[in-house]
Amino acid sequence: MTHSIYTVHEIEPVYNEESRILILGSFPSVKSREAQFFYGHPQNRFWKVLSTLFHEPLPLTVEEKKAMLRSHHTAVWDVVASCEITGSSDSSIRNVVPADLKRITDASPIRQIFTNGGTADKLYKKYCLPQTQLPAIRLPSTSPANAAWNMDRLLSEWTKILNFL
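Positions 486 to 650 (the working numbering) are the ones given, in order, by the sequence shown.
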């Protein structure tokens, strides 16, 4: 039996003073925590979706990923700063301490916040919206667990981010 453990988010957000959108996940997966960067699971389609929308080659290294995000005015972080979680299961997240999104919204001219999936959206509304006062647009999760959404369907929804860049 896998037990939930209290885990602290140790990946720094990616943003700068030119970031116009903020994409929020829920909490890093085990693979992302191991890779020490966002969307580290090889089957997660986040980087493939963004590189396709931005007409960029697929970034492979952390530095390439950061450079692509910054060059397209895109900030990335997660809603949860720390929590109890079992493995990578979003549904197991408990005892949430939300991330301080003001760190990004105070430093950047964020036009729109997007949430990557239902859990990120639910947690954002519960913990962060009262702080930021910025409504988020929920996008379908790029996680491999979201098998109902193929790449074409993901791209058709995720194109919404381009309207704010």
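Using N, Cα and C, we set each Cβ at its ideal position, and we do this for glycine too.
Once DSSP output is grouped into helix, strand and coil, what is the label at Trp562? In this structure, Trp562 counts as strand in the three-state DSSP scheme.
Check your understanding: Would you call Val534 buried or exposed, if buried means 16 or more other Cβ atoms sit within 10 Å of its Cβ?
Key -> Classification for Val534: buried.
For Ala621: DSSP bridge partner residues: DSSP, once it has assigned bridges, lists Ile598 as partnering Ala621.
To the nearest angstrom, how far is the alpha carbon of Glu541 from that of His557? Going from the Cα of Glu541 to the Cα of His557 covers about 10 angstroms.
**OP:** Could you check which residue in Pro583, Thr604, Leu619, Tyr609 has the C-alpha nearest to that of Arg594?
**Re:** The displayed chain sequence assigns Pro, not Arg, to residue 594. Answer by Cα proximity: Leu619.
Quiz item: If we call anything under 9 angstroms between Cβ atoms a contact, is Leu608 one with Val564?
Solution: Taking 9 angstroms as the cut-off, the Cβ atoms of Leu608 and Val564 count as close.
With the cut-off set at 9 angstroms, would you say Ala632 and Cys613 are in Cβ contact? Contact flag unset, no.
Would you kindly report the start and end of the unbroken beta strand (DSSP E) that includes Gly510? Segment 506-510, the beta strand (DSSP E) holding Gly510.
Let me make sure I understand the geometry here. Which of Gly572, Leu509, Pro527, Glu497 has the alpha-carbon closest to that of Gln521? Per the C-alpha coordinates, the member of Gly572, Leu509, Pro527, Glu497 positioned closest to Gln521 is Glu497.
**Report entry** Simplified DSSP assignment, three categories, for Glu569
**Finding:** Note: Glu569 maps to strand in three-state DSSP.
task: Return the residue from the list Val515, Phe531, Ser514, Glu495 that minimises the CA-CA distance to Leu624.
output: It is Phe531 whose Cα lies nearest to the Cα of Leu624.
**Request:** Note down, in chain order, each residue of its chain lying with its Cβ closer than 6 angstroms to the Cβ of Thr604, except the 5 sequence neighbours on either side.
**Result:** Ser511, Asp575, listed in sequence order.
| said: Just to confirm the assignment: which complete beta strand (DSSP E) runs, minimum length 3, are found wholly within the segment 492-538? | reply: Whole beta strand (DSSP E) segments, 3+ residues: 506-510.
Item checked: Span separating the alpha-carbon of Ile570 from that of Ser641 -> Their Cα atoms are separated by approximately 31 angstroms.
Cutoff 7 angstroms; reference Ser577; Cβ partners in own chain excluding five residues on either side: If you ignore the 5 residues before and after Ser577, its C-beta comes within less than 7 angstroms of the C-beta of Ser489, Ile570, Thr571, all in its own chain and listed in chain order.
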